[in-house]
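Per numbering that gives the first Met the number 0, the very first residue in the sequence shown carries number 0; after that it's consecutive. The beta carbon of each residue, even a glycine, is placed where N, CA and C say it ideally should be. Everything on this sheet refers to the single structure shown next.
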Amino acid sequence: MLVELDLFSGRPNPRWRLDPGAAEEFRALTAALPPAGPWAQPPSPGLGYRGFTVTDADRVIHVFAGRVTEGTTSRTDRDRSLEHWLLTRLPSSLRDLRSLVAEALEDGRDD
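Right, here's the structure in full:
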């Protein structure tokens with residue numbers, strides 16, 4: 000399972016792999032989230048932090064601003080727990096980005 004932190008414009012975003020145990024935990028956390036209503040469209044991201052993109056075999060899941068979206072399916076994550084969970088899985092080599100993303104999450108910034 001590959002995780003990409005969507006943060007930069009004009010340069011590659013950081014990417015890392017989740018170990019099998021963390022990948023299974025991600026799947027369980029995602030499946031436990033309630034479906035979002037048809038009105039719950041993910042916000043349009045701007046510059047800066049734009050969430051996480053998780054690739055799991057042929058599945059692409061975007062986690063941003065309290066929404067977990069896979070294709071046309073969306074789940075609600077009001078307290079952004081999955082974003083926080085993914086942030087805790089950031090490799091130590093990328094630790095300088097942790098505070099930047101944590102600040103965006105705490106401020107509730109969606110763009």
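Checklist line | Within 9 Å, strictly: CB atoms of A101 and L85 | finding: no
Check: Is the region 66-75 in contact with the region 86-96, if contact means three or more CB pairs nearer than 8 Å?
Finding: no
Checklist line | Range of the contiguous beta strand (DSSP E) that encloses R49 | finding: First-last for R49: undefined, no H or E at that position.
Check: F63 and G47: beta carbons closer than 9 Å?
Finding: no
Checklist line | Extent of the continuous beta strand (DSSP E) to which F63 belongs | finding: 58-63
Note to self: Given a cut-off of 9 Å on the beta-carbon distance, is the pair T52 and D5 in contact?
What the structure shows: yes
Check: Buried or exposed: which applies to E82, given that a residue is buried once 16 or more other Cβ atoms fall within 10 Å of its Cβ?
Finding: buried
Note to self: Taking the straight line between their C-alpha atoms, what separation do you get for L104 and L96?
What the structure shows: 13 Å
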